[in-house]
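Report on the following structure.
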């Protein structure tokens, strides 16, 4: 996709609210199935859950953003199984695997001419790596994954613009995404003045998104003030967030939002947000103007 | 997957009825979306259709085979749009593209030491090629697709066993699958004594499966007696088929069934069936014992 197309699209389209499209529906059903399987081994209960999710999807407002619909699915599964955090164990494995990569990451950043840029790339790399595919990642894999992330082009805004905004900001709010990915965020956050950074995680388990417990496992309490957003959506759905979080959100000079979920739920916000994510589906590719697989830094100030 | 695993699985498992599994559900929703899009451009109507499909899936018997559930989805879309055959135009394009390949196919069969085996491979090749991906296939593509199909290993039963059964049979029933694929079936059928062959198509439009009209476009009336099965399922659901079809099915000495749908709906049958298909999903891979992408010839007489 050409830069021209992107620029045109950003001018005209990407500040619209991101609603679920028809193609999100099979994906949401796939997600429902995964959450059901993660929550119970009882096949009959899994089928009952799927029936309830279908009933929900036949009646709920499909014009909301995909993570809002996903939140409803998560609630159904939780109410039918009593399992609060079905991804708890998987999240710990991801965090542990990412922590094993820390020495390699520290080497990359310390040897770089541009530690901020290197940290930024690592943060997006964390959104690339699907740690779920392997419980443990071999040393060789780590190196190749990280070096690939350092070489792939970065699409969208100039990292120097983000750096300048952070430098002049009094408060920076960092919206985390998945557990495990948070270790990569930690490397990036170590390039800032930690006093002005608040890192927000989900207020309740939502798929494999990081909660306070997961963030602490990743050592994030060492590099930023931690809060939760009060919401159990796999995104930042402001209307569902706590008053405390919304207050911090409104006062923040710069917001850094990781992952597709945060982009999907905040793309129409008027706040000064920098979105960092990997494009993982057609819908976000269309909306952002960048093809699937792209590493993206987008800012609302361009809209 | 080893032959051992396959043999064990066939002995113990594959004659079980093939029920929809949890992983079929996102796929069925994807299919519902595709049928909705093929039937109407009206986004609001598409959303209404998806709601109705979700309501149906929340209440229908999910223990049936996937094509039976798909048939229900097709009925909903038809009742809400009035469109009888949403894939009509696409099917004609597929048939026309396949007819363009005929000279190449005739060359392959006539130059082969084993015309029956070559025809059999072409029939399975027809189940491989997704003509939907391109409206027209260039000559170069044709050659490479066909030569690949002639070289890929054939899994399962011995083609000579099928040939012997056909030779001694008084009646052969051939169950067709998709429009376009039928042209490949035609090449295979030309290797038989046409007097004893009846070719059955779907009794009503079902996704891109061939109906009598599609089969005639492909010239199948020249190589076999044509009937329809009286059912609008994208498969052979006997309880939904006409009495006439069921009578022919019961009397047939050999049945050749093309595609996953026919396998999914007939795998537990006691009839003398040879299934010819490409493995396209995990569920059929598990059930048949062969990995995704395999070209398969399976027979119920091994069960």
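Residue numbers (the numbering used here), protein chains in the order written: chain A, 1 to 303; chain B, 304 to 606. Don't be surprised by glycine CBs; every beta carbon is placed ideally from N, CA and C.
Best match in the options for proximity to residue i [C-alpha to C-alpha]
i              : options                           : result
residue 272(A) : 251(A), 279(A) and 282(A)         : 251(A)
residue 153(A) : 279(A), 300(A) and 94(A)          : 279(A)
residue 547(B) : 534(B), 557(B), 559(B) and 556(B) : 534(B)
residue 182(A) : 191(A), 122(A) and 166(A)         : 122(A)
residue 404(B) : 328(B), 444(B) and 419(B)         : 444(B)
residue 199(A) : 240(A), 23(A) and 226(A)          : 226(A)
residue 498(B) : 507(B), 525(B) and 480(B)         : 525(B)
residue 354(B) : 332(B), 532(B), 462(B) and 399(B) : 332(B)
residue 197(A) : 128(A), 24(A), 294(A) and 257(A)  : 257(A)
residue 34(A)  : 430(B), 326(B), 336(B) and 429(B) : 326(B)
residue 99(A)  : 259(A), 298(A) and 126(A)         : 126(A)
residue 427(B) : 578(B), 586(B) and 370(B)         : 578(B)
residue 283(A) : 298(A), 260(A) and 213(A)         : 260(A)
residue 394(B) : 321(B), 379(B) and 480(B)         : 480(B)
residue 544(B) : 558(B), 517(B) and 507(B)         : 507(B)
residue 558(B) : 339(B), 601(B), 432(B) and 517(B) : 601(B)
residue 277(A) : 287(A), 214(A), 143(A) and 128(A) : 128(A)
residue 76(A)  : 96(A), 287(A) and 36(A)           : 36(A)
Residue i versus residue j: straight-line alpha-carbon distance, rounded
i              : j              : result
residue 119(A) : residue 21(A)  : 34 Å
residue 362(B) : residue 509(B) : 22 Å
residue 291(A) : residue 377(B) : 33 Å
residue 135(A) : residue 179(A) : For residue 135(A), the predicted model reports a pLDDT of 42, less than 50, meaning its position is unreliable; a value from the coordinates is still stated below. Those two C-alpha atoms are separated by around 14 Å.
residue 263(A) : residue 162(A) : 16 Å
residue 281(A) : residue 289(A) : 12 Å
residue 47(A)  : residue 63(A)  : 26 Å
residue 42(A)  : residue 330(B) : 21 Å
residue 397(B) : residue 512(B) : 11 Å
residue 296(A) : residue 536(B) : 45 Å
residue 542(B) : residue 82(A)  : 40 Å
residue 468(B) : residue 459(B) : 16 Å
residue 268(A) : residue 328(B) : 32 Å
residue 335(B) : residue 191(A) : 48 Å
residue 436(B) : residue 265(A) : Low confidence applies to residue 436(B): its pLDDT is 42, below 50, so where it sits in the model is not reliable enough to give any reading.
residue 532(B) : residue 454(B) : 34 Å
residue 300(A) : residue 117(A) : 20 Å
residue 381(B) : residue 105(A) : 56 Å
residue 550(B) : residue 527(B) : 18 Å
residue 316(A) : residue 84(A)  : Outside the shown range of chain A (1 to 303) lies residue 316(A), about which nothing can therefore be said.
residue 19(A)  : residue 88(A)  : 29 Å
residue 552(B) : residue 597(B) : 27 Å
residue 343(B) : residue 389(B) : 9 Å
residue 114(A) : residue 159(A) : 11 Å
residue 352(B) : residue 44(A)  : 27 Å
residue 590(B) : residue 167(A) : 59 Å
residue 213(A) : residue 96(A)  : 13 Å
Where the beta strand (DSSP E) through residue i begins and ends
i              : result
residue 503(B) : 500–504
residue 155(A) : 154–156
residue 120(A) : No beta strand (DSSP E) holds residue 120(A); the alpha helix (DSSP H) holding it covers 115–128.
residue 475(B) : 475–478
residue 258(A) : 254–258
residue 276(A) : 273–278
Delimiting residues of the alpha helix (DSSP H) encompassing residue i
i              : result
residue 540(B) : That residue, residue 540(B), is in no alpha helix (DSSP H); it is neither H nor E in DSSP.
residue 299(A) : No alpha helix (DSSP H) contains residue 299(A), which is instead part of the beta strand (DSSP E) from 295–299.
residue 109(A) : 102–111
residue 352(B) : 346–362
residue 518(B) : 515–520
residue 332(B) : 327–342
residue 549(B) : 546–554
residue 188(A) : 181–189
residue 372(B) : 369–384
residue 531(B) : Taken as a continuous stretch (DSSP letters only), residue 531(B) belongs to no alpha helix (DSSP H), being part of the beta strand (DSSP E) at 528–531.
residue 469(B) : 462–471
residue 287(A) : 282–288
Integer-rounded CB distance, given that residue j should sit under 8 Å from residue i
i              : j              : result
residue 505(B) : residue 514(B) : 6 Å
residue 368(B) : residue 588(B) : About 16 Å; that fails the 8 Å criterion.
residue 472(B) : residue 556(B) : 4 Å
residue 406(B) : residue 540(B) : In fact, because the Cβ distance is near 37 Å, the residues do not count as touching under 8 Å.
Q) Pairing CB atoms from the region 517–527 of chain B with CB atoms from the region 487–496 of chain B, are three or more of them under 8 Å? A) yes
**Q.** Any 3 or more C-beta pairs closer than 8 Å across the region 367–386 of chain B and the region 408–422 of chain B
**A.** no
Q | Cβ contact check for the region 145–152 of chain A and the region 172–180 of chain A: 3 or more pairs under 8 Å | A | no
Q: May I ask you to verify whether the region 350–366 of chain B touches the region 53–67 of chain A, counting CB pairs closer than 8 Å and requiring at least 3?
A: yes
Q | chain C contacts made by the region 342–353 of chain B, where a contact means CB separation under 8 Å | A | Looking for chain C here will not work: the only protein chains present are A and B.
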